[in-house]
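Peer 1: The working numbering applies: residue 578 is where the sequence shown begins, and numbers increase by one.
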Amino acid sequence: MQVAMVLLAIATSGLFSLSVVATRQSVRLQNTLPPSQTISINPNSLGEPAEAAWARKLGVFADLEVDERRIAKMPTPFQAGFDRVVDNSGPNFYSHHAQDSQPWQTQSNVPDSFGNTITRLSADQSHGSFAAYVFSNVPDGEYELLLHVPRSPDFGVAVRHRVYFAGSFADTIDVDQTVDTRDTEIDGLYWQRLGVYHVRGSMIAVQVIDTPGSGPTIVCDAVRLRSRRSFDIVAPPIQSSDGSVSVTVELN
578 MQVAMVLLAI ATSGLFSLSV VATRQSVRLQ NTLPPSQTIS INPNSLGEPA EAAWARKLGV
638 FADLEVDERR IAKMPTPFQA GFDRVVDNSG PNFYSHHAQD SQPWQTQSNV PDSFGNTITR
698 LSADQSHGSF AAYVFSNVPD GEYELLLHVP RSPDFGVAVR HRVYFAGSFA DTIDVDQTVD
758 TRDTEIDGLY WQRLGVYHVR GSMIAVQVID TPGSGPTIVC DAVRLRSRRS FDIVAPPIQS
818 SDGSVSVTVE LN
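1) Since Asp-689 and Pro-730 are thought to touch, with beta carbons under 8 Å apart, how far apart are those beta carbons, to the nearest angstrom?
2) Looking only at C-alpha atoms, which of Val-715, Phe-659, Arg-697 sits nearest to Val-687?
3) Is there contact here, the segment 743-763 with the segment 811-821, by at least three beta-carbon pairs under 8 Å?
4) Going by beta-carbon coordinates alone, are Leu-802 and Val-711 separated by less than 8 Å?
5) For Ser-823, which residues in the same chain have their Cβ closer than 6 Å to its Cβ, ignoring the five residues on either side in sequence?
6) Within the segment 750-785, note down every full beta strand (DSSP E) run reaching 3 residues or more, in order along the chain.
7) Just grab the DSSP bridge partners of Arg-728 for me.
8) Take the Cβ of Gln-769 as the centre, count every other Cβ of all protein chains shown within 10 Å, and call the residue buried at 16 or more, exposed below.
9) Can the beta-carbon of Leu-766 be found less than 8 Å from the beta-carbon of Leu-724?
10) Is the beta carbon of Ala-735 closer than 8 Å to that of Gly-820?
11) What separation, rounded to the nearest whole angstrom, lies between the Cα atoms of Thr-794 and Asp-757?
12) Three-state secondary structure (DSSP) at Phe-659?
13) How far does the beta strand (DSSP E) with Ser-672 in it reach, from first residue to last?
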């Protein structure tokens, strides 16, 4: 019954042309199909690790004929080495305060800040103030957006960040500026990853918005845009007795 259900699921998916048989016929099938077109959910050849319990129950082989028209192409090229920072004190940072609200203020000599300054806003009942980090002339590619702000229990607990590509909305992230988030370290500073995006369009903007849930103080410091890093395999994969595989890579 389990095999029948798998066959039904495979048939309805329409992604591949499949030939599937029960476990008792797997040895004969393994000897007839080319190795490059044979996939075993429950391998029985020497040297293969034991699969998970559910896979052992199914125990099937599949002959795959990939429909090339259904293979997703890389949506964007890889931009090696792209790394750019927009700082609150630079020309590509903008701020606007709502009517009847307090203006944004620049504070200098702030520990753990990028560029030694931050821009802060004391949130009040008016709300609607915003700031923006803008990246221009960005080539198409896959990038990660990283945020750096000093952390303090006096800062906002859910500061709204919106990401735009060429003026079109892409994502919303609420950042807790009271918690030290250490996704990655660069030159001694810790950065929080806002997200990874396939970018098409030469302008990227990260808007910081004062909302009712932001918290008492909103802080802007720096946003980093950098290409995803490629890597080279410098040592062959090593398979352990428990079936896990380790490999040594070097980041480019």
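Positions of the beta carbon are idealized from the N, C-alpha and C atoms, including for glycine. Treat the numbers as computed from the prediction; the structure is a model and nothing was measured.
Peer 2: Judging by the given coordinates:
1) Actually they do not touch by this definition, with Cβ atoms about 14 Å apart.
2) The residue with the shortest Cα to Cα distance from Val-687 is Arg-697.
3) Result no; under three Cβ-Cβ pairs closer than 8 Å.
4) One thing to note: Leu-802 has its Cβ no nearer than 8 Å to the Cβ of Val-711.
5) So the qualifying residues of the chain are Ile-815.
6) Listed in chain order, the beta strand (DSSP E) elements of length 3 or more contained wholly in the segment 750-785 are 761-763, 766-776.
7) Bridge partners of Arg-728: none, in fact.
8) Label assigned to Gln-769: buried.
9) Going by C-beta atoms, Leu-766 is not nearer than 8 Å to Leu-724.
10) By the CB criterion at 8 Å, Gly-820 and Ala-735 fall outside the cutoff.
11) The straight-line gap separating the alpha-carbon atoms of Thr-794 and Asp-757 is approximately 16 Å.
12) Three-state DSSP puts Phe-659 in coil, outside helix and strand.
13) Here the beta strand (DSSP E) through Ser-672 covers 670-673.
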